[in-house]
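Report on the following structure.
Protein chains in written order, with the working numbering: chain E, 140 to 417; chain W, 65 to 600; chain R, 137 to 523.
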């Protein structure tokens, strides 16, 4: 493992020697493939032999009680945390364990954090501008100019996330729900192949939730979307396929109805959480 | 009794020509004509005659002999204009206090013009030295015999060799005996006797090595071979001793680093507060020791012991003032805290300069802490460093106990890990902050008390330790007291190992660069905190 | 908490910043012109005459101001608190000092045509290799930028690659400058040890002791400050500048949207080190000496105070801070030298606790108050809304 890590570090240092990033290969179906992944912190296994496959264009919801390993799973996919064992592939060509965060991001995996993190000192417009898919090396960034096309694209997303009126306001003044939207907007600007969305509707009103549901279901098909969410009502409204995580591994998988009638799931999760979730 | 007989024999040997007295003056009280005669003999022109006179004094069994010889050696045996023999008690200044050489009676001050020194030359000086050593060898005082035996190393000549052999068998003190045997062996090696080489095997004294290495390049092949063989084994032995010495100095330096850093490990490592004034808290501890010694003149030991609680309190109170006055307003802004506390460090330094003095103050080392533990001729361990090393370990153990076993330690860990949660469980986080900061600062004060025994106490004392302290904490792994201990001790040792071939400054630079590179490789130090908490 | 510390920078990337640049450059050139006129055209003895000593002093302030701008670039916009920028400043200064030493030629005390006095004194018989080429102005001037840039490149490469940031980075930058100070104190290093490099005579053939050269250096420093300011302004208003601000406020997030944060940090860090080196090179001929004390950690941390006092992340605030603090230092050390460290220490405490946005923040606050009094309440108080 440490050898692999050193390899990946070397990649980071000499990446001008690395071949051009090649497009994601999804001819074999899945866009994301995790096999036997295990992560432990001080002996505590946050992820334990996790196996997960996401198909291209799929919308998948992941649920599970606190500490089930949902966020850690996203950390692994986006390169923030290195697993102790296992393999993670993006399409059938890219081994994500050999890449760092920016590489994975430019490959087309976008992430929305559980706690919304936007660049508070920058305006809403600038937040979207930075997130936009572009040449993100130093000198192109230094000499980047605002073109009409870029502006139109940002305006379009601003419209989608309903923040047009606040475009020149610093992101720091947005409400919690607005920050969530801005983050989703930043995801859209990235045009990722795979979106990882961590608790997208926390702090949103009923109407906002509906719009989010619409947005996410609209994205599925063109892009693959993985949603981690606590709000059962919301999951029920968008889910086609649900995966239940428990203690770092997959407990059950299937449609919402299948899953919620699974006695194991009821025991560890729905049973205990029912009143709250409803 | 036999001792005096031997003395007589020895003196007979030292004396080759019989002694003739030439009495010429009676200015000294006439009740001691014999002694006067002895002294009169010294006041002659010819140096050989003076030599005889010295021998005569030796032979006289007069109990004042040693004092006379010592005074003569120091140029303090003088004669007044009116012919009296006097010993100058203090030859500084214009007028010198003198005492009568025969009666030891003080005669008040005399102008140097009234006095006439009894001159000696180098040959006489050497003779006097061995004569004094010989007199001392018969002293009933063991200490005196010891130092006399020490002085005889390499100074033994043919005439001394024989009685020395006899003396060795009679000597009761083992240490004196061994020294005398070595002195004799050195003489034997110098005069080409093989048995001397054998006797010196394993001796670590530099004189012995000089004698052996001279013999190793001598003409006699048998002795040269034996000597060089003995030398090799001595060198080996020396290397081990030097290694131990380096290790000791390394541990000592390391213990200083640990002491300086351990308080920081609490305020920075546990609370996450960057206190650039930490060095000045150390300085306050050192000044407290100085102040205590000023308050209790003549009792440096008691003052030092009292300084331990006092230094802790002074630094802890200063720490509380800093925490309440500045740091609490900068919560969650570590870089600003760094700047503000740096400002405090400047103020404290200047305060000491203005109020006390810009110059260094000397803190007295109490008697029971000075001196050193002599292991062998090549290795002696200074006691003050050993005390500081022990003190550092005690302080460390105490802190470990506080953090692991007390309510405060538990609360500190709770607040560090989850402030909001801890508060909701009824822990008063603010109080914990104050207590923790006071503890870390107080430990800095303790470090100051210990440091006052090793270095000068001055306004810059703290500044010299702040960067090192941060390095130790970061190197060891922030938030890990064991890491601080291991890091401090190992950095101290690395520094001392490098010093002989790199020099002190370069060694320090190398260590700094090493840590800078190490942190690049392992940003969280030797013993990093693991898990989710550390990821944030 | 986060909002509080970062909200003060909302307006940085607002067009207002551009007007600030225009005002800044206007004031700077007016000041240069005024000092020049008062020095040359007003006769000596006239109360408005600016004497050569003062011109020299102002020149020194301006080089400090350039140094402060360099620190503000990394601290204000990138969030990297470097406590080692004095090292880059000093290295630039040493590069210039080495050139000036070689210009002395055989006019030194020992009259050696090649070796500087201190090397003759140490009985060295030839120049060390790293002194070669410093007799050529172009080479030395290039080194003024390259040497600090290279050090920043190597150091930054290692540090940013391992994601050493925040307090840790501050501490190791401090250790870096401390190690360099110890090294430069050593005679064996070949930089004059304790005494450093001094007794300079000429720069590009101009006598350093003449008043005209001093005025020329003052103007050159002013121009360098203007250019450095414009360069930094160009960086911070570009998209790259916005990436820097994004990195400062949410480093991990910036990575997740695809920026190689460590390279942006490295780029800006190196640019900043080069500007610091340039400031050092302009400083040395004006004060006539460079010695290892410029490497002392205290000096580096003092630079940070200039920036903090003037107002972080504003660039012009850094200039104001540098000039204010150094002016205060000149006055204090002249009148009551003992009080200076008290004043400096108090400034550190007061600025961080009571004036976290510095003098520039104060200006802005007053300005906004005035505007708010004039009406249009709803839109103009975004910050209060956030807090």
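Even for Gly, the Cβ is constructed at its ideal location relative to N, Cα and C.
On a predicted model such as this, the values are computed, not experimentally measured, just so you know.
Can you list the residues of chain E that residue i reaches, using a CB-CB cut of under 8 angstroms?
i, result
"residue 366 of chain R", "What residue 366 of chain R touches in chain E: nothing, since even the nearest Cβ is about 14 angstroms away."
"residue 375 of chain R", "268, 269, 280, 281 and 283"
Any idea which residues DSSP pairs residue i with across the strands?
i, result
"residue 342 of chain R", "R:339"
"residue 380 of chain E", "E:199"
"residue 193 of chain E", "E:171"
"residue 177 of chain E", "E:224"
"residue 184 of chain E", "E:179"
"residue 151 of chain W", "W:141 and W:163"
In the structure shown, what three-state DSSP assignment does residue i receive?
i, result
"residue 91 of chain R", "Residue 91 of chain R cannot be examined here, being either before or after the span of chain R that is shown, 137 to 523."
"residue 172 of chain E", "strand"
"residue 143 of chain W", "strand"
"residue 160 of chain E", "Bear in mind that the predicted position of residue 160 of chain E carries a pLDDT of just 47, short of 50, making it unreliable; the figure below should be weighed with that in mind. Coil, per DSSP."
"residue 232 of chain W", "helix"
"residue 442 of chain W", "coil"
"residue 347 of chain R", "helix"
"residue 437 of chain W", "strand"
"residue 385 of chain E", "strand"
"residue 213 of chain E", "helix"
"residue 325 of chain W", "helix"
"residue 180 of chain R", "coil"
"residue 92 of chain W", "Note that residue 92 of chain W has pLDDT 48, beneath the 50 cutoff, so the model's placement of it is unreliable and no number is given."
"residue 401 of chain E", "coil"
"residue 521 of chain W", "strand"
"residue 501 of chain R", "helix"
"residue 148 of chain E", "Confidence at residue 148 of chain E is low in this model, with a pLDDT of 45, below 50, so the placement of that residue is unreliable and no value is reported for it."
"residue 364 of chain W", "helix"
"residue 353 of chain E", "helix"
"residue 521 of chain R", "Confidence is the limiting factor: at residue 521 of chain R the pLDDT is only 33, short of 50, which leaves the residue's position unreliable and the question unanswerable from this model."
I want to check one thing, is the minimum distance from the CB of residue i to the heavy atoms of the ligand SAM below 7 angstroms?
i, result
"residue 345 of chain R", "Among the ligands in the structure shown, none appear at all, so the ligand SAM cannot be discussed."
So which residues on chain R does residue i lean against when the C-beta distance must stay under 7 angstroms?
i, result
"residue 359 of chain E", "Near residue 359 of chain E there are no residues of chain R at all, since even the closest Cβ is about 21 angstroms away, more than 7 angstroms."
"residue 587 of chain W", "298, 299, 300 and 304"
Since residue i meets chain R, which of its residues come closer than 8 angstroms, beta carbon to beta carbon?
i, result
"residue 404 of chain W", "484, 485, 488 and 489"
Determine the chain R residues that contact residue i at a beta-carbon separation under 9 angstroms, and present them in chain order.
i, result
"residue 535 of chain W", "307, 308 and 311"
"residue 413 of chain W", "477 and 481"
"residue 322 of chain W", "Chain R residues near residue 322 of chain W: none, gap ~18 angstroms exceeds 9 angstroms."
Could you tell me which chain E residues have their CB closer than 7 angstroms to the CB of residue i, listed as they occur along the chain?
i, result
"residue 392 of chain R", "217, 240, 244 and 250"
Taking Cβ positions, are residue i and residue j nearer each other than 8 angstroms?
i, j, result
"residue 403 of chain E", "residue 394 of chain E", "no"
"residue 276 of chain R", "residue 235 of chain R", "yes"
"residue 451 of chain R", "residue 369 of chain R", "yes"
"residue 513 of chain W", "residue 245 of chain W", "no"
"residue 510 of chain W", "residue 375 of chain W", "yes"
"residue 204 of chain E", "residue 385 of chain E", "yes"
"residue 117 of chain W", "residue 133 of chain W", "no"
"residue 403 of chain W", "residue 484 of chain R", "yes"
"residue 439 of chain W", "residue 304 of chain R", "no"
"residue 495 of chain R", "residue 364 of chain R", "no"
"residue 445 of chain W", "residue 251 of chain W", "no"
"residue 332 of chain W", "residue 338 of chain W", "yes"
"residue 173 of chain W", "residue 159 of chain W", "yes"
Give the interface partners of residue i over in chain W, defined as CB-CB distance under 7 angstroms, in chain order.
i, result
"residue 441 of chain R", "403"
If the cut is a Cβ gap below 8 angstroms, which residues of chain W does residue i touch?
i, result
"residue 183 of chain R", "Residues of chain W passing the Cβ test: none, with the nearest at roughly 36 angstroms."
In chain W, which residues lie less than 9 angstroms from residue i when you measure between Cβ atoms?
i, result
"residue 437 of chain R", "340, 402, 403 and 406"
Residues of chain E with a CB under 9 angstroms from the CB of residue i: which are they?
i, result
"residue 400 of chain R", "277 and 280"
Complete beta strand (DSSP E) runs within the region 235 to 317 of chain E (minimum length 3 residues, chain order): 248 to 251
Uninterrupted alpha helix (DSSP H) stretches inside the region 378 to 446 of chain R (no shorter than 4 residues): 387 to 392, 397 to 423 and 433 to 446
Alpha helix (DSSP H) runs wholly inside the region 519 to 564 of chain W, at least 4 long, in chain order: 527 to 540
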